[in-house]
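Number of protein chains: 2
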Amino acid sequence: MTKSRLAFIGAGVIGLSCAWRAASAGLRVTVVDPAPASGASWVAGGMLAPVTEAWPGEEALLELGVESVRRWPGFAEELGVAAGQSAGLRTEGTVVVATGSGDRAELDTLADYLARLGRAVERLSGRELRRLEPALGPDVRGGLSVPGDLAVDNRMLLAALRTAAERAGATFVESAARAVLDDGTRVTGVRTDGADLESDVVIVCAGAHSGSLHPVLTGLVRPVKGEILRLAHRAGAFPPPSRTVRALVDGRPVYVVPRDGGGLVVGATQAETGFDTEVTVGGVRDLLRDAERVLPGIAEYALVESAAGLRPGSPDNLPLVGALGPEGLLVATGHHRNGMLLAPVTADAVLQLLHGRPVPDAMRPADPARVTAAAPSAGRGHRYPEEVARARVDQR
Amino acid sequence: MTKSRLAFIGAGVIGLSCAWRAASAGLRVTVVDPAPASGASWVAGGMLAPVTEAWPGEEALLELGVESVRRWPGFAEELGVAAGQSAGLRTEGTVVVATGSGDRAELDTLADYLARLGRAVERLSGRELRRLEPALGPDVRGGLSVPGDLAVDNRMLLAALRTAAERAGATFVESAARAVLDDGTRVTGVRTDGADLESDVVIVCAGAHSGSLHPVLTGLVRPVKGEILRLAHRAGAFPPPSRTVRALVDGRPVYVVPRDGGGLVVGATQAETGFDTEVTVGGVRDLLRDAERVLPGIAEYALVESAAGLRPGSPDNLPLVGALGPEGLLVATGHHRNGMLLAPVTADAVLQLLHGRPVPDAMRPADPARVTAAAPSAGRGHRYPEEVARARVDQR
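The listed protein sequences derive, respectively, from chains F and Z. So the first sequence is residues 1 to 396, counted in full-length UniProt numbering. So the second sequence is residues 1 to 396, counted in full-length UniProt numbering.
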């Protein structure tokens with residue numbers, strides 16, 4: 001009997017992580033992507049920050065993120081060995097800071113919420129924060145230190161994942177996937193811009209582009225545009241922070257994630273404007289203004305890149321990880337702002353599903369049945385209909 | 001008797017214009033540049049704006065600019081025919097506008113100065129300006145209309161010049177020139193990264209890099225960095241202006257030059273930091289803030305490019321066009337902010353010099369003898385010693 005043929009659609013952080021794990025487990029893996037390691041994963045800031053990203057009402061996402069960040073050090077170590085190159089994990093931790101009084105009140109809400117959940121975080125004054133990170137400017141009035149919220153160099157990670165997947169035996173097909181094919185009962189393959197691919201199991205990891213690949217996915221994933229800047233330290237400029245700095249500036253969130261060698265990633269705007277990856281003047285202006293308010297020394301840094309990516313938004317901000325529609329179809333998408341963070345736990349969950357075993361407990365709320373069951377017809381999204389409709393119009 | 005062999009060092013707007021004219025006149029032309037049509041000319045905004053650029057004390061530059069802009073329509077037409085493609089001239093004219101009261105006072109000084117020189121310009125209220133250019137925002141309180149100040153799409157121009165020069169028989173050597181060679185009396189050729197080039201006449205048009213090519217040029221040209229942004233209109237955004245918009249915003253100058261198809265070039269910062277072409281956070285922040293203050297609709301535009309170029313600064317802001325040092329050496333450099341503007345009159349002057357005839361009257365003040373005669377030793381610059389010294393340090 002021949003081994004099942006697995007096709008992963010999408011070679012972003014989720015597709016590559018799942019494909020690497022599956023190929024390492026001895027499965028027969030093909031990855032379909034016209035441009036592996038591009039898209040939202042290439043643009044991403046790389047925060048692994050479930051705690052500072054937490055918000056009342058999103059407890060399931062917090063639990064899932066905490067579970068995944070717990071798996072991150074082992075994942076990074078194993079990946080580094082498998083790929084023979086660093087996965088890019090940074091363990092310096094995160095500070096989240098506030099400028100105006102409204103911003104401080106919002107951070108207090110976050111701290112109180114985390115305390116109620118038993119996740120104590122350390123509150124610090126502006127002076128204490130500047131002692132930790134001298135790059136923080138005088139407008140920073142207070143904040144929290146969250147050493148357990150980490151970061152990863154997304155581009156090092158993608159390179160390591162691709163190498164590791166290939167070393168484990170995964171095959172890459174650099175064509176655009178257009179549709180998951182099925183015979184009414186079970187999947188039969190993938191339609192691509194090149195030759196069709198016969199497959200026994202198809203795993204859709206296509207991020208914001210997942211919604212068009214099979215009727216059961218229609219309306220479940222929408223693109224959420226994010227703009228990001230990359231800066232580089234210049235001789236004579238103030239040294240960069242060593243921790244990730246998240247900030248609220250007059251109510252607007254901004255983050256600055258350090259990279260090796262004096263690099264900084266500044267992100268991210270958020271807009272639902274369809275499949276639009278143009279960087280706008282207003283987006284860049286907001287990011288620079290807010291980041292400079294928190295880290296004034298960056299005025300002297302080089303601006304080396306501006307880019308936009310499309311996060312895959314789900315109806316409830318939780319990812320969609322599980323079986324859906326015809327037999328042999330799995331999805332691992334809808335990770336929204338959290339693709340880097342949730343890659344380890346998602347890859348573990350997908351491997352469990354491929355072996356017919358239960359997913360990790362924290363992943364159970366991500367079962368796509370939760371959104372399809374409530375829909376008027378199977379596979380039709382029931383929330384954010386306006387945004388989804390707009391996205392479709394803009395896509396043309 | 002064989003024809004003289006001419007070598008033009010530098011294929012920016014000045015080198016290409018001179019080489020095209022010389023080759024068209026039947027001369028034997030070689031152009032040496034490791035990357036033709038790159039550098040400052042590629043980055044430039046393309047204003048042809050002697051009047052709105054005028055300032056008391058720089059009368060010779062104003063006269064030279066006015067003479068060159070007078071030659072521009074004929075130059076563009078002739079070039080368009082010779083190249084079989086448009087030279088990119090735009091004849092919609094220029095408005096120069098003020099925001100704060102200090103900015104309005106400065107524009108009044110400019111208008112009074114121009115009036116004393118007999119160059120009347122039309123003063124307009126904010127409302128009148130917005131009638132001309134509805135894209136101007138409410139912070140624009142008044143300004144001037146200068147229909148004779150034009151603009152050119154620098155990249156269309158460079159493409160046309162290169163094509164026309166090649167069609168006229170110019171040869172391109174894509175190597176870096178390292179030195180003008182001479183035998184103590186007259187030039188013998190050009191040292192390049194590839195093979196040395198034997199030449200009877202060498203014309204240095206190497207912009208900010210001219211100073212290192214021969215000892216007589218040492219200290220005469222310094223790099224003046226300018227950062228620039230390129231924007232593109234997006235569906236739904238407010239239409240772009242049709243004229244060049246120059247503005248003073250709280251004392252800072254900014255300009256916005258329209259391109260075909262909804263493009264805008266926003267410039268330009270000015271800094272003397274040596275051979276440094278990195279775009280800085282502070283530079284981009286200033287350009288975006290000031291341009292948005294004048295044209296608020298650009299917030300919705302795409303930011304498609306940011307770049308920095310090095311203007312070739314001379315000791316007195318006038319270009320250096322004429323013979324210098326050993327027999328057979330000509331220079332056409334030091335055009336600072338005005339390379340695009342002064343290309344036609346410079347090309348005409350160089351052709352006159354090559355034929356042993358006098359340069360156009362307006363070009364006489366650009367004779368490099370003015371700066372070398374006053375120097376402690378021939379060819380050594382006597383002004384801006386600090387900046388020049390710093391530039392040399394940064395260059396390493």
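The beta carbon of each residue, even a glycine, is placed where N, CA and C say it ideally should be. Here the structure is a predicted model, which is why all the values come from computation and not from measurement.
- [ ] Throw me the rounded Cβ distance for the R155 of chain F and W42 of chain F pair, which I believe falls under 8 Å.
- [x] 7 Å
Task: Where T372 of chain Z falls: helix, strand or coil (DSSP) - done: Three-state result, T372 of chain Z: helix.
Open item on the list: Counting only C-beta atoms, is V279 of chain F closer than 8 Å to chain Z at any point?
Closed with: At least one chain Z Cβ lies under 8 Å of V279 of chain F.
- [ ] Measuring only between beta-carbons, confirm whether Y113 of chain Z sits less than 8 Å from chain F.
- [x] no
Open item on the list: Whole angstroms are fine: how far does the CA of R28 of chain F sit from the CA of S175 of chain F?
Closed with: 19 Å
- [ ] Using the Cα positions of A40 of chain Z and L158 of chain Z, report the straight-line distance between them to the nearest angstrom.
- [x] 11 Å
Task: Per-residue burial, T273 of chain F [other beta carbons within 10 Å of its own, 16 or more giving buried] - done: buried
Open item on the list: By the DSSP assignment, the beta strand (DSSP E) with P253 of chain Z in it spans what residues?
Closed with: 252 to 258 is the extent of the beta strand (DSSP E) around P253 of chain Z.
TODO: Compute the beta-carbon to beta-carbon distance between L144 of chain Z and A111 of chain Z, rounded to the nearest angstrom, for a pair I have assumed lies under 8 Å.
DONE: Indeed, because the Cβ distance is near 6 Å, the residues count as touching under 8 Å.
Open item on the list: Strictly under 8 Å for the Cβ-Cβ distance: is Y255 of chain Z near chain F by that measure?
Closed with: no
Open item on the list: Looking only at its chain, what residues have a beta carbon closer than 7 Å to the beta carbon of G45 of chain F, apart from the 5 residues adjacent to it on each side?
Closed with: I228, Y255, V257, V265, G267, A268
Open item on the list: Strictly below 7 Å CB to CB, what residues from chain F border G282 of chain Z?
Closed with: For a Cβ distance threshold of 7 Å, residue set A299, E300 of chain F lies close to G282 of chain Z, ordered along the chain.
- [ ] Please classify L124 of chain Z: does DSSP put it in a helix, a strand, or coil?
- [x] Collapsing the DSSP output to three states places L124 of chain Z in a strand.
Task: Pick from F:A115, F:T192, F:A369, F:M340 that is closest to residue 397 of chain F, judged by C-alpha positions - done: Nothing can be reported for residue 397 of chain F, as the shown portion of chain F is limited to 1 through 396.
Task: Where the beta strand (DSSP E) through V146 of chain F begins and ends - done: 142 to 146
Task: For N317 of chain F and A105 of chain F, the rounded distance between their alpha carbons - done: 24 Å
TODO: Label H233 of chain F either buried or exposed according to how many other C-beta atoms from any shown protein chain fall within 10 Å of its C-beta, with 16 as the threshold for buried.
DONE: buried
- [ ] Residues of the segment 302 to 335 of chain Z with a CB closer than 7 Å to any CB of chain F: list them in chain order, please.
- [x] A302, L303, S306
- [ ] Could you round the C-beta distance between V95 of chain F and L132 of chain F to whole angstroms and report it? I think they count as a contact, below 8 Å.
- [x] 6 Å
Open item on the list: I'd like the ranges of any alpha helix (DSSP H) spanning at least 4 consecutive residues and lying wholly in the segment 275 to 340 of chain Z.
Closed with: 281 to 294
Task: K3 of chain Z burial status per 10 Å Cβ neighbour count (16 or more: buried) - done: exposed
Open item on the list: Let's test the definition: count the other Cβ atoms within 10 Å of the Cβ of V180 of chain Z and tell me whether it reaches 16, buried, or not, exposed.
Closed with: buried
- [ ] Output the distance between the C-alpha atoms of H214 of chain Z and A35 of chain Z, rounded to the nearest integer angstrom.
- [x] 21 Å
Task: Spatially closest choice to R119 of chain Z from Z:W55, Z:L288, Z:A349, by CA coordinates - done: Restricting attention to Z:W55, Z:L288, Z:A349, the CA atom closest to the CA of R119 of chain Z is found in Z:W55.
- [ ] Count the other CB atoms, across all protein chains shown, that sit within 10 Å of the CB of D260 of chain F; report buried if there are 16 or more and exposed otherwise.
- [x] D260 of chain F should be labelled exposed.
Task: Against chain Z: residues of the segment 126 to 142 of chain F by CB proximity under 8 Å - done: Listed in sequence order: no entries.
TODO: For the segment 70 to 85 of chain Z and the segment 333 to 348 of chain Z, state whether three or more C-beta atom pairs, one from each stretch, are separated by less than 8 Å.
DONE: yes
Open item on the list: Check this for me: beta carbons of L303 of chain Z and T218 of chain F, under 8 Å apart or not?
Closed with: no
Open item on the list: Let me make sure I understand the geometry here. Which of F:Q352, F:P138, F:P360, F:P365 has the alpha-carbon closest to that of A25 of chain F?
Closed with: Nearest of F:Q352, F:P138, F:P360, F:P365 to A25 of chain F, Cα basis: F:Q352.
TODO: Report yes or no: is there a C-beta of chain Z within less than 8 Å of the C-beta of R259 of chain F?
DONE: Not one chain Z Cβ lies under 8 Å of R259 of chain F.
- [ ] Report yes or no: do three or more beta-carbon pairs, one from the segment 200 to 215 of chain Z and one from the segment 115 to 130 of chain Z, lie closer than 8 Å?
- [x] no
- [ ] Entirely within the segment 214 to 254 of chain F and at least 3 residues each: give me those beta strand (DSSP E) ranges in chain order.
- [x] 222 to 232, 244 to 249
Task: Exposure label - R116 of chain F; buried when at least 16 CB within 10 Å - done: exposed
Open item on the list: Under 8 Å, CB to CB, which of the residues in the segment 43 to 61 of chain Z have a partner in chain F?
Closed with: none
Task: Cross-chain neighbours of L144 of chain Z in chain F, by beta carbon under 9 Å - done: Residues of chain F passing the Cβ test: none, with the nearest at roughly 26 Å.
Open item on the list: To the nearest angstrom, how far is the alpha carbon of Y301 of chain F from that of R311 of chain Z?
Closed with: 21 Å
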